[in-house]
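Colleague: Okay, so the sequence shown: first residue is 1 according to the numbering used here, each after it adds one.
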Amino acid sequence: MSRIKFSLNDYRDGFAEGYFLPPDILCPYYEIDPTLYKAFNSRDWRLKMSFNELRKRVGKEYFSEIYPLQARTLDYSTRAFPSYRFILPEVLTYDWLSIVNWEKPGRDHVLHQPLCGYIVLKLLDDSRESGGLLLPNNKTILQTCVNNILQWKETAYIREFLLDCGMDKNDPILDINNKISHICWRIFLREAAFTAAVFHDLGYPWRYAETIQRNLEGINTPAVKQNQGAEQIVDLFGSRLLYSPFNGYQTIDATCPSTWKNKLVNLTSLSLSKTHGFPGALGFLHLNDCIRRYPYKMRSPMHSLCVEWAAVAIMMHDMREIYWGENKSTADIPENSFLRLDFNRDPLSSIVTLVDVIQEFGRPAVTYEDAEKFQVNLKYEKPCSDTELEVENGVMTLRYKIENDEKRALKLKYISSDKYKYFDNQNGFLNLESLGINDVMLVVN
Numbered sequence: 001m002s003r004i005k006f007s008l009n010d011y012r013d014g015f016a017e018g019y020f021l022p023p024d025i026l027c028p029y030y031e032i033d034p035t036l037y038k039a040f041n042s043r044d045w046r047l048k049m050s051f052n053e054l055r056k057r058v059g060k061e062y063f064s065e066i067y068p069l070q071a072r073t074l075d076y077s078t079r080a081f082p083s084y085r086f087i088l089p090e091v092l093t094y095d096w097l098s099i100v101n102w103e104k105p106g107r108d109h110v111l112h113q114p115l116c117g118y119i120v121l122k123l124l125d126d127s128r129e130s131g132g133l134l135l136p137n138n139k140t141i142l143q144t145c146v147n148n149i150l151q152w153k154e155t156a157y158i159r160e161f162l163l164d165c166g167m168d169k170n171d172p173i174l175d176i177n178n179k180i181s182h183i184c185w186r187i188f189l190r191e192a193a194f195t196a197a198v199f200h201d202l203g204y205p206w207r208y209a210e211t212i213q214r215n216l217e218g219i220n221t222p223a224v225k226q227n228q229g230a231e232q233i234v235d236l237f238g239s240r241l242l243y244s245p246f247n248g249y250q251t252i253d254a255t256c257p258s259t260w261k262n263k264l265v266n267l268t269s270l271s272l273s274k275t276h277g278f279p280g281a282l283g284f285l286h287l288n289d290c291i292r293r294y295p296y297k298m299r300s301p302m303h304s305l306c307v308e309w310a311a312v313a314i315m316m317h318d319m320r321e322i323y324w325g326e327n328k329s330t331a332d333i334p335e336n337s338f339l340r341l342d343f344n345r346d347p348l349s350s351i352v353t354l355v356d357v358i359q360e361f362g363r364p365a366v367t368y369e370d371a372e373k374f375q376v377n378l379k380y381e382k383p384c385s386d387t388e389l390e391v392e393n394g395v396m397t398l399r400y401k402i403e404n405d406e407k408r409a410l411k412l413k414y415i416s417s418d419k420y421k422y423f424d425n426q427n428g429f430l431n432l433e434s435l436g437i438n439d440v441m442l443v444v445n
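1. Verify the CB distance criterion: does D108 have a CB-CB separation below 8 Å to chain B?
2. What is the DSSP secondary structure of M167, counted as helix, strand or coil?
3. Which residues mark the beginning and the end of the beta strand (DSSP E) in which I4 is found?
4. Locate the alpha helix (DSSP H) running through S271, then write down its first and last residues.
5. What residues in its chain sit with their C-beta under 8 Å from that of W185, if we drop five residues either side in the sequence?
6. Leaving out five residues on either side along the sequence, give the residues of the same chain with a beta carbon under 7 Å from the beta carbon of E326.
7. Helix or strand or just coil, what does DSSP make of S385?
8. For L162 and S239, I'd like the C-alpha separation in whole angstroms.
9. Helix or strand or just coil, what does DSSP make of Y94?
10. Spatial neighbours of I437 within its chain, please: C-beta separation below 8 Å, excluding the five flanking residues on both sides.
11. Within 10 angstroms of its Cβ, does M1 collect 16 or more other Cβ (buried), or is it exposed?
12. Assign K139 to one of three DSSP states: helix, strand, or coil.
13. Report the rounded CA-to-CA distance for Y380 versus P301, giving the unit in angstroms.
14. Would you call R57 buried or exposed, if buried means 16 or more other Cβ atoms sit within 10 Å of its Cβ?
15. Looking at C-alpha atoms only, which residue of Y94, L242, F246 is the closest neighbour of L202?
16. Tell me the residue span of the alpha helix (DSSP H) that contains K38.
17. In angstroms, rounded to a whole number, what distance separates the CA positions of S7 and F361?
18. Taking just the CA atoms, how far does L410 sit from A365?
19. Can you check which of these residues, E406, R408, T387, K407, is closest to R399 by C-alpha distance?
20. Nearest CA to the CA of N404: which residue from S385, T251, F199, L282?
21. So for E392, helix, strand or coil by DSSP?
22. Based on the DSSP output, what are the partners of M441 in its beta bridges?
23. Quick one: give me the first and last residue of the alpha helix (DSSP H) that R72 is part of.
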């Protein structure tokens with residue numbers, strides 16, 4: 001049996017001891033155009049104001065947890081995702097608004113994204129005694145994913161991307177029998193997964209704008225013509241790696257049906273309106289493109305891959321609803337089965353999606369007192385103290401430790417649906433078969 005435990009206290013203790021530091025061997029991933037960056041930088045004053053305003057609203061205790069994690073994320077972003085600082089005010093604002101939302105039980109996203117980065121580092125770290133999870137094949141997830149990538153069967157689209165970016169087909173990094181290639185891909189996968197995990201929920205502010213747009217659909221204005229925008233997005237991003245999942249992770253060939261672009265436009269429109277992952281991926285790519293120097297001699301195809309594949313993972317972590325389509329009952333089959341995540345085919349997106357499911361601990365949920373007296377006292381309690389991941393005899397068990405009875409009941413309400421929609425052996429959105437996992441159990445303690 002192999003077991004690994006995640007908690008906010010574990011992250012703090014490990015960080016103090018020098019563990020869980022952001023990996024930045026590969027970044028910066030591209031050269032910044034200083035003129036373009038300066039134009040963005042004129043809005044930088046809003047960042048300090050946003051932190052000050054957030055501190056007033058959440059109080060000292062909660063803010064003392066938010067600020068250090070976001071500050072580290074901001075430091076990391078200066079090299080990995082420089083444009084992040086220019087949208088962080090919007091991210092902080094929306095993430096706080098989401099936690100006090102009355103339409104559905106709100107929960108934190110400000111801590112959630114950095115803590116997803118911590119899970120990536122621990123889950124994919126097989127150099128520490130307490131890190132790395134052993135699979136039934138007696139290898140770690142990181143080792144298994146690298147081996148799958150270098151076989152270039154299900155991941156041929158990644159090899160094609162690297163070759164298109166100028167990599168020589170005889171480059172040792174593409175050779176499964178070369179020890180250096182295994183080392184390089186282990187470094188790459190951890191860093192790309194960390195980047196995607198830390199920024200994977202960027203799309204929530206865009207989702208908010210999209211919600212407003214949908215509410216105005218009956219009004220005769222060009223701003224709400226969603227399909228028109230979707231077609232433009234396909235034209236702008238359709239040749240990027242981002243659209244590889246829409247094409248079944250294959251290159252479009254000469255036999256592509258004449259109706260396929262219409263299908264892509266429809267999927268794009270649905271993804272814009274029903275997910276936050278797709279808008280987040282578009283924002284991630286667009287903000288990178290806005291300050292990237294071009295044309296210039298490419299630093300390395302691997303650097304470009306880190307940005308482009310991270311965007312795919314940001315998108316795919318939230319594509320479950322598009323994968324299932326309109327079929328809501330457990331008797332139905334997925335409408336868009338080609339979007340199914342598989343560790344063999346898309347290990348990066350699979351890792352980020354699994355991490356997102358794991359990360360329940362340390363997320364404050366707001367409670368209200370004396371609202372009927374027109375006095376609102378907010379308390380930010382953390383119902384889930386830790387999440388434990390265990391693998392035994394081909395079964396993966398996820399245990400959420402939730403002490404609050406009300407929150408435990410709420411989690412139990414959705415857990416059966418989550419298990420089926422994510423982990424059903426035949427139809428679940430996330431396929432763990434290539435890891436030797438035959439079943440997944442979700443448990444609330």
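Glycine residues also receive a C-beta, built at the ideal position from the N, C-alpha and C atoms.
Here the structure is a predicted model, which is why all the values come from computation and not from measurement.
Modeller: A quick look at the data gives this:
1. Here there is only one protein chain, and chain B is not present.
2. Reading the sequence shown from its first residue, position 167 is the one you call residue 167. The answer is coil: DSSP assigns M167 none of H, G, I, E or B.
3. Position 4 of the sequence shown, counting from 1, holds the residue named residue 4. That run of the beta strand (DSSP E) goes 2-7.
4. Taking the sequence shown and counting its residues from 1, the one referred to as residue 271 is at position 271. Where S271 is concerned, the enclosing alpha helix (DSSP H) stretches over 260-274.
5. If you number the sequence shown from 1, residue 185 lands on position 185. Cβ within range, chain order: V146, I149, L150, I173.
6. On the sequence shown, residue 326 is found 326 positions in, with the first residue counted as 1. Only E335 meet the Cβ criterion.
7. Within the sequence shown, residue 385 is the residue found at index 385, counting from 1. Looking at S385 - three-state DSSP - the assignment turns out to be strand.
8. Mapped onto the sequence shown, residue 162 falls at position 162. Mapped onto the sequence shown, residue 239 falls at position 239. Near 14 Å, if we compare the C-alpha coordinates of S239 and L162.
9. To locate residue 94, count along the sequence shown from 1; it is residue 94. Reduced to three states, the DSSP call for Y94 is helix.
10. On the sequence shown, position 437 is the one that residue 437 refers to. L135, P136, V391, G394, V395, M396, listed in sequence order.
11. On the sequence shown, residue 1 is found 1 positions in, with the first residue counted as 1. The residue is exposed, with fewer than 16 neighbouring Cβ atoms inside 10 Å.
12. Sequence index remark: in the sequence shown, residue 139 carries index 139 (1-based). K139: coil per DSSP, three-state reduction.
13. Numbered from 1 along the sequence shown, position 380 holds the residue referred to as residue 380. Numbered from 1 along the sequence shown, position 301 holds the residue referred to as residue 301. Looking at the two C-alpha atoms, the distance is approximately 44 Å.
14. Locating residue 57 in the sequence shown gives position 57, counting from the first residue. It is exposed - the Cβ of R57 has fewer than 16 other Cβ atoms within 10 Å.
15. Within the sequence shown, residue 202 is the residue found at index 202, counting from 1. Closest option to L202, Cα to Cα, is Y94.
16. By one-based count along the sequence shown, residue 38 stands at place 38. K38 -> alpha helix (DSSP H) spans 34-41.
17. As a first step, residue 7 is located in the sequence shown; it is residue number 7 there, counting from the start. As a first step, residue 361 is located in the sequence shown; it is residue number 361 there, counting from the start. Cα to Cα, S7 sits roughly 6 Å from F361.
18. Position 365 of the sequence shown holds residue 365. Position 410 of the sequence shown holds residue 410. Their backbone Cα atoms lie some 12 Å apart in a straight line.
19. Against the sequence shown, residue 399 aligns to sequence position 399. It is T387.
20. Indexing the sequence shown from 1 puts residue 404 at position 404. Nearest C-alpha to N404: S385.
21. Locating residue 392 in the sequence shown gives position 392, counting from the first residue. Looking at E392 - three-state DSSP - the assignment turns out to be strand.
22. Sequence index remark: in the sequence shown, residue 441 carries index 441 (1-based). The partner list for M441 (beta bridge, DSSP) reads T397.
23. Indexing the sequence shown from 1 puts residue 72 at position 72. Note, R72: alpha helix (DSSP H), 45-80.
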